[in-house]
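**Q** Protein chains in written order, with my numbering: chain H, 1 to 547; chain P, 548 to 1094.
Beta carbons: idealized from backbone N, C-alpha and C, even for Gly.
Just so you know, these numbers come straight off a predicted model, no measurement behind them.
Shown below is the structure under consideration.
Number of protein chains: 2
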Amino acid sequence: MRIALAQLNPTIAALSDNVAKVKDAIAKAARQKANLVIFSELALSGYPPKDLLLYESFIKKERELLTEEILPLTLLGPAVIIGSSHLDQHKLYNAALLLEHGLVKSVHRKTLLPNYDVFDEARYFKRSSKNFTVDLNSIPTAITVCEDIWNDQGYETNPLYAINPLADLFAQGARLLINISASPYHLGKLKMREELLSYLARKYKTAVIYVNQAGGNDELIFDGSSLVFNNQGELLHRCPSFAEDLMLFESETLFCPGKELCPPGIDDISTVCQALTLGLRDYVKKTGFSKVVLGLSGGIDSAVVAALAVEALGAENVLGLLMPSPYSSEHSIDDALTLAENLGISSRIIKIEEPFKTFVNLLNENREALLDLAEENLQARIRGNIVMHTSNREGYLALATGNKSELAVGYCTLYGDMAGGLAVIADLPKTMVYELAKYLNTLYGSAIIPQRTIEKPPSAELRPGQKDEDSLPPYALLDPILQLYIEENRSGPEIINRGFDKTLVEKVIYMVDRAEFKRRQAAPGLRVTTRAFGSGRRMPIARSFVE
Amino acid sequence: MRIALAQLNPTIAALSDNVAKVKDAIAKAARQKANLVIFSELALSGYPPKDLLLYESFIKKERELLTEEILPLTLLGPAVIIGSSHLDQHKLYNAALLLEHGLVKSVHRKTLLPNYDVFDEARYFKRSSKNFTVDLNSIPTAITVCEDIWNDQGYETNPLYAINPLADLFAQGARLLINISASPYHLGKLKMREELLSYLARKYKTAVIYVNQAGGNDELIFDGSSLVFNNQGELLHRCPSFAEDLMLFESETLFCPGKELCPPGIDDISTVCQALTLGLRDYVKKTGFSKVVLGLSGGIDSAVVAALAVEALGAENVLGLLMPSPYSSEHSIDDALTLAENLGISSRIIKIEEPFKTFVNLLNENREALLDLAEENLQARIRGNIVMHTSNREGYLALATGNKSELAVGYCTLYGDMAGGLAVIADLPKTMVYELAKYLNTLYGSAIIPQRTIEKPPSAELRPGQKDEDSLPPYALLDPILQLYIEENRSGPEIINRGFDKTLVEKVIYMVDRAEFKRRQAAPGLRVTTRAFGSGRRMPIARSFVE
């Protein structure tokens, strides 16, 4: 049996477009004599469709397209396994459908519904209460959806769910495990997946086919990286990461020792770079934009975002605005101009001194700038106004350039530097931003991000001589504390026990908690860590900070 | 047996303060010879604690306070029923604890975990698999948590869950139903609760004691309105709505015909007014502020928000900023000044002409204003800057004044009029804003909101002669369409079938879908309808709008 993995990049709710992509993949696979084409989870709606799933009309339309457009293709063409919502007796399931000879041969409902981190599946779906195998070309096969393979005792030391669908399925004699997924990227995820799948193959003496969605949808970046393991847990095939793919192979190879094995996947700052590039490109395209604008400060954050935007959209689609204030240092403008030149992007210099003066005249009795926090924010907001004006008038999507460390402690201005449609590096701790800057320079083979931008002490330049470290601990100290508090849900005392200074830890936690009101109004940020702000971390604003 | 209902207003995460409140209520009840004091759901952490529940340290601290501070009081004092998280074998439950004679007599875990609308309980809790009654003063009693009473077949025509814990409990012979809740307000909710509880009392021939949380926590407003029904379904007692209360009664009255019954509750625009007032007051106080600033345009939205702020915080804590542009009509300034005078609040006039001109000089080659959409937004953002500057410098919390109709169709400026810490009327359709304005004038016994503000056609006044109805359908037509699309999840064709114009419906839906990026960055809005934007409606931004 020749099997095709169709790793596609759907746009959420673009049912007709997504169906067209699916049909196209089936046609291509058929031309290459495939007997079976496998698509990812919720392939027609795209994942995650969120509250669109609460619209009956949406579910109905999805089913109609499946029945009228996809099913007929299997009459003479290859069989299809595809993820779709499935309504049965007023209950909605997240299912994998096996379509064969123009019929729905079987429906495999998802048993384990992730409802943590960014996932809300219990909001929409009921869980399956039954798992069964089907024969594919006489191979007893377990067809599963995403989470269903992630709760295996032995691999998970503290299983999240009481049930393990795999135990059931392999007790029924499955020899092939097919899993269709929409598994979002975070740093380390590729390795986790490969380890798990190889483990399952070896434990159950089963071959494994894993088909994942590709593409960015809002904050989430799906890396694809679909995988095929033989029944000895050897990695036979890996689809490209961060791209669409149609990959074919012979099922016979699943049950023999591998001839040419794939090397283990790479998952380091280079994949973060690819992830952000894809996430940025897809957000821009899927919101109907083609070009982006951002403020260039001469600092590292905006430099990295500009470089990623060029990677994603091409230099001709990126506009940098240099918006110096009277407190900007000369080198900031030089560094920003050098960056723009290195990247080949357009740039404009728009000084904010005049609007700032006008506001000061209007708001301060003696017409003298005070340079208090209000005026620091005001400068940032004037820049925000200019960026948004350019966006509104000229049709650029505005990119926010703040990093995760700043967003965590609130070292950023709401409606100021936080303004924008997408916060590209909002999930990158500052120390990772440096790492990415260095990687980008390696990638380009030259210092496209000026060395001085990388080396100078970070500063918001909103008052004379200001440095980040006047208000914040050094990032090399701050980031590990944030990691423990935000990604690992450790408390103050637990973090102090790891050897961090008590006063510092308490100050950092207080800052993080107090800044929740800013994060609630932040632009969506591309997720690359195990816990990003946004739907992955849902915190009250009005609360006590004392405990 | 004398029973006390303790309807308290906790601050989220203020564990020590909340425990002090609980202890105080127990002491007061004890002085009045109560034998049992009943508190609401998650009374120590406040509801909803959200992702604080993911911190082990938080759960541990809650249990410590319960064991060390509350439990000892029951050694000689009244028994206590209180809502708390409950960790057992690494699984977290949402439970009602019965504390008696210094011991935890029984733990009643929540069976039905709401995970729709604003609720995420499946994110945190496991469900109970067992329900049992306990004897309270020889009365077999079902102690339940919130959602557990809301799935009764017969009342719910389409039950959400397969299980009905009440069937179990009454099969065991319960004669008294105690339900501890954190049930947020929406218009119509009070009536729903009273109908349900009376129905349950009659169906199961049971008395019912219902204790609800009071107070605002971020978007959610808990109205209290705790209730007592006798076993004939007659309403014996109702605690005040939108306030704390400690109410005592004799258990004997639960099993006799009622002598003095409560009239059915009122739930109309007056409760919306009380809800918003409480929600506003609590948000301000619980975020550590005492005073608020808002822009006064002379229009109805800002007038209503100002009046609510005065109700909530007193006139001395409300500052109105009049920020006329060259396109503001004379009557706008007059109406805003009249309003400020009527309300007795301070106001300042800050003309935005100069900053606007400066931006125009900076951004337009020929230095002439174009009055395109970018410049309309720019004017709104200059106002946003001024409001935020006042907030940042003088410690006012900024209130956003947009209504739900605007927010729905995106007739508002991100970082402009949308700027602020709290969006007070963000869940009120424009037609309800008018209703509330009229009600406020009735409440005050005079036209504190100037009649002209109520009568003139709404306008953003960002270009000469602009009216809302130039861009939008009349609100009387728009609001019912929005209601069907947003609150009832009806599709375009379904709405058109109800008799609305096809072109209009399609335009409205397109506008709503396209404005998701604005709503994602909106300030938290107080919820008063069955479906508010924010955590109650989770929509993708990057998506297709064609289908």
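Helix, strand or coil for glutamate 156 of chain H per DSSP?
**A** Here the question's residue 156 of chain H lines up with position 156 in the first sequence. In this structure, glutamate 156 of chain H counts as strand in the three-state DSSP scheme.
**Q** Kindly indicate the opening and closing residues of the beta strand (DSSP E) around valine 104 of chain H.
**A** If you number the first sequence from 1, residue 104 of chain H lands on position 104. Segment 103-109, the beta strand (DSSP E) holding valine 104 of chain H.
**Q** In angstroms with no decimal places, state the Cα-to-Cα distance between isoleucine 163 of chain H and lysine 580 of chain P.
**A** The residue labelled residue 163 of chain H in the question sits at position 163 within the first sequence. The residue labelled residue 580 of chain P in the question sits at position 33 within the second sequence. So the two alpha carbons sit approximately 49 angstroms from each other.
**Q** Along the chain, where does the alpha helix (DSSP H) that runs through asparagine 361 of chain H open and close?
**A** Position 361 of the first sequence, counted from the start, is the residue given in the question as residue 361 of chain H. Counting along the chain, the alpha helix (DSSP H) containing asparagine 361 of chain H begins and ends at 353-363.
**Q** Say whether chain H places a C-beta atom closer than 8 angstroms to the C-beta of glutamine 1068 of chain P.
**A** Position 521 of the second sequence, counting from 1, holds the residue named residue 1068 of chain P. Yes, glutamine 1068 of chain P lies at the interface with chain H (some Cβ there is under 8 angstroms from its Cβ).
**Q** Count the other CB atoms within 10 Å of the CB of threonine 277 of chain H; is the residue buried (16 or more) or exposed (fewer)?
**A** Working through the first sequence from its first residue, we reach residue 277 of chain H at position 277. Threonine 277 of chain H comes out buried.
**Q** Check lysine 608 of chain P in the structure and name its three-state DSSP category.
**A** The residue labelled residue 608 of chain P in the question sits at position 61 within the second sequence. In this structure, lysine 608 of chain P counts as helix in the three-state DSSP scheme.
**Q** Give me the chain H residues within the contact set of leucine 707 of chain P, using Cβ-Cβ distance strictly less than 9 angstroms, ordered along the chain.
**A** Locating residue 707 of chain P in the second sequence gives position 160, where the first residue counts as 1. The premise fails here: leucine 707 of chain P is roughly 10 angstroms from chain H at the closest Cβ pair, so nothing lies under 9 angstroms.
**Q** Name the DSSP beta bridge partners of histidine 90 of chain H, please?
**A** In the first sequence, residue 90 of chain H corresponds to position 90, counting from 1. In DSSP, histidine 90 of chain H forms no bridge with anything.
**Q** Sorted by chain position, which residues of the same chain lie with C-beta nearer than 7 angstroms to glycine 258 of chain H's C-beta, five sequence neighbours on each side aside?
**A** Against the first sequence, residue 258 of chain H aligns to sequence position 258. Asn230, Glu234, Leu236.
**Q** Residues of chain H with CB closer than 9 angstroms to the CB of alanine 853 of chain P, please, in chain order.
**A** For the purposes of this step, residue 853 of chain P is taken as residue 306 along the second sequence, with counting starting at 1. Within chain H, no residue comes near alanine 853 of chain P; the closest Cβ sits about 21 angstroms away, beyond 9 angstroms.
**Q** Chain P beta carbons: is any one of them nearer than 8 angstroms to that of asparagine 115 of chain H?
**A** Translated into positions along the first sequence, residue 115 of chain H becomes position 115. At least one chain P Cβ lies under 8 angstroms of asparagine 115 of chain H.
**Q** Of all the beta strand (DSSP E) runs that stay within the bounds of the stretch 240-299 of chain H, which reach a length of 3 or more residues?
**A** The stretch 240-299 of chain H contains these whole beta strand (DSSP E) runs: 245-250, 292-295.
**Q** Of all the alpha helix (DSSP H) runs that stay within the bounds of the stretch 925-981 of chain P, which reach a length of 4 or more residues?
**A** Runs of the alpha helix (DSSP H) inside the stretch 925-981 of chain P: 951-956.
**Q** Would DSSP call glutamate 547 of chain H helix, strand or coil?
**A** Counted from its first residue, the first sequence places residue 547 of chain H at position 547. Confidence at glutamate 547 of chain H is low in this model, with a pLDDT of 47, below 50, so the placement of that residue should be treated as unreliable; the coordinate-derived value is given next. In this structure, glutamate 547 of chain H counts as coil in the three-state DSSP scheme.
**Q** Valine 865 of chain P by DSSP, collapsed to three states: which one?
**A** The residue given as residue 865 of chain P occupies position 318 in the second sequence. If DSSP states are grouped into helix, strand and coil, valine 865 of chain P belongs with the strands.
**Q** Nearest CA to the CA of glutamine 7 of chain H: which residue from H/Glu195, H/Asn489, H/Leu478, H/Ser241?
**A** For this step, residue 7 of chain H is matched to residue 7 along the first sequence. Answer by Cα proximity: H/Ser241.
**Q** Select from P/Ser844, P/Asp1015, P/Phe903, P/Val840 the residue whose C-alpha is nearest the C-alpha of threonine 937 of chain P.
**A** The count along the second sequence starts at 1 and reaches residue 937 of chain P at position 390. When each option's Cα is compared against that of threonine 937 of chain P, the closest is P/Val840.
**Q** Going along the stretch 822-844 of chain P in order, which residues come within less than 9 angstroms of chain H, judged by CB to CB distance?
**A** Going along the stretch 822-844 of chain P in chain order, one finds Asp829, Tyr830, Val831, Lys832, Lys833, Thr834, Gly835 with a Cβ nearer than 9 angstroms to chain H.
**Q** Between P/Leu734, P/Ile816, P/Leu1025, P/Asp695, which lies nearest to threonine 989 of chain P when the distance is taken from Cα to Cα?
**A** Translated into positions along the second sequence, residue 989 of chain P becomes position 442. Out of P/Leu734, P/Ile816, P/Leu1025, P/Asp695, P/Ile816 has the C-alpha closest to the C-alpha of threonine 989 of chain P.
**Q** Between the stretch 35-53 of chain H and chain P, which residues of the former have CB atoms less than 9 angstroms from a CB of the latter, in chain order?
**A** Those residues of the stretch 35-53 of chain H that come within reach of chain P (Cβ to Cβ, closer than 9 angstroms) are Gly46, Pro48, Pro49, Lys50, Asp51, Leu52.
**Q** Compare the C-beta of aspartate 765 of chain P with all C-beta atoms of chain H and state if any pair is closer than 8 angstroms.
**A** As a first step, residue 765 of chain P is located in the second sequence; it is residue number 218 there, counting from the start. Aspartate 765 of chain P counts as touching chain H.
**Q** So with CB distances below 9 angstroms, who are the chain P contacts of leucine 373 of chain H?
**A** Against the first sequence, residue 373 of chain H aligns to sequence position 373. The contacting residues are Asn939, Arg940.
**Q** Distance check for glycine 842 of chain P and lysine 189 of chain H, CA to CA, integer angstroms please.
**A** Reading the first sequence from its first residue, position 189 is the one you call residue 189 of chain H. Reading the second sequence from its first residue, position 295 is the one you call residue 842 of chain P. Answer to the nearest angstrom: the Cα atoms are 47 angstroms apart.
**Q** Counting Cβ pairs closer than 8 angstroms, one from the stretch 936-951 of chain P and one from the stretch 961-974 of chain P, do we hit at least three?
**A** At 8 angstroms Cβ cutoff, the stretches touch.
**Q** For chain P, check one thing: does any of its Cβ atoms lie closer than 8 angstroms to the Cβ of alanine 30 of chain H?
**A** Along the first sequence, read from residue 1 onward, the residue named residue 30 of chain H stands at position 30. Not an interface residue.
**Q** Quick check: is the beta carbon of glycine 421 of chain H nearer than 8 angstroms to any beta carbon in chain P?
**A** The count along the first sequence starts at 1 and reaches residue 421 of chain H at position 421. So, interface residue.
**Q** Among P/Gln636, P/Val566, P/Glu922, P/Ile880, whose alpha-carbon lies nearest the alpha-carbon of glutamate 615 of chain P?
**A** The residue labelled residue 615 of chain P in the question sits at position 68 within the second sequence. Ranking the options by Cα distance to glutamate 615 of chain P, first place goes to P/Val566.
**Q** Kindly indicate if chain P contains any beta-carbon less than 8 angstroms away from that of phenylalanine 359 of chain H.
**A** For the purposes of this step, residue 359 of chain H is identified with residue 359 of the first sequence, where counting begins at 1. Phenylalanine 359 of chain H counts as touching chain P.
**Q** Quick one: what's got a C-beta closer than 7 angstroms to isoleucine 1042 of chain P's C-beta in the same chain, skipping five residues either side?
**A** Counted from its first residue, the second sequence places residue 1042 of chain P at position 495. Within the same chain, isoleucine 1042 of chain P has close Cβ partners Ile1028, Leu1031, Tyr1032, Val1052.
**Q** How long is the line joining the alpha carbons of alanine 312 of chain H and glycine 445 of chain H, rounded to whole angstroms?
**A** As a position in the first sequence, residue 312 of chain H is number 312, starting the count at 1. As a position in the first sequence, residue 445 of chain H is number 445, starting the count at 1. Computed Cα separation, rounded: 18 angstroms.
**Q** Taking the alpha-carbon positions, what's the proline 263 of chain H to glutamate 194 of chain H distance?
**A** Mapped onto the first sequence, residue 263 of chain H falls at position 263. Mapped onto the first sequence, residue 194 of chain H falls at position 194. Taking the straight line joining both Cα atoms gives about 11 angstroms.
**Q** Cβ closer than 8 angstroms: which chain H residues qualify as neighbours of phenylalanine 672 of chain P?
**A** Counted from its first residue, the second sequence places residue 672 of chain P at position 125. Residues of chain H passing the Cβ test: none, with the nearest at roughly 10 angstroms.
**Q** How close, in whole Å, do the beta carbons of alanine 626 of chain P and valine 692 of chain P come, if the pair is a contact with beta carbons under 8 angstroms?
**A** Reading the second sequence from its first residue, position 79 is the one you call residue 626 of chain P. Reading the second sequence from its first residue, position 145 is the one you call residue 692 of chain P. The Cβ separation is near 17 angstroms, so there is no contact.
**Q** Among H/Ala27, H/Thr287, H/Gln172, H/Ser183, whose alpha-carbon lies nearest the alpha-carbon of threonine 11 of chain H?
**A** Walking along the first sequence from the start, residue 11 of chain H turns up at place 11. The residue with the shortest Cα to Cα distance from threonine 11 of chain H is H/Thr287.
**Q** Out of P/Ala970, P/His648, P/Glu791, which one is the CA nearest neighbour of alanine 1070 of chain P?
**A** As a working note, residue 1070 of chain P is residue 523 in the second sequence. Of the candidates P/Ala970, P/His648, P/Glu791, the one whose C-alpha sits nearest the C-alpha of alanine 1070 of chain P is P/Ala970.
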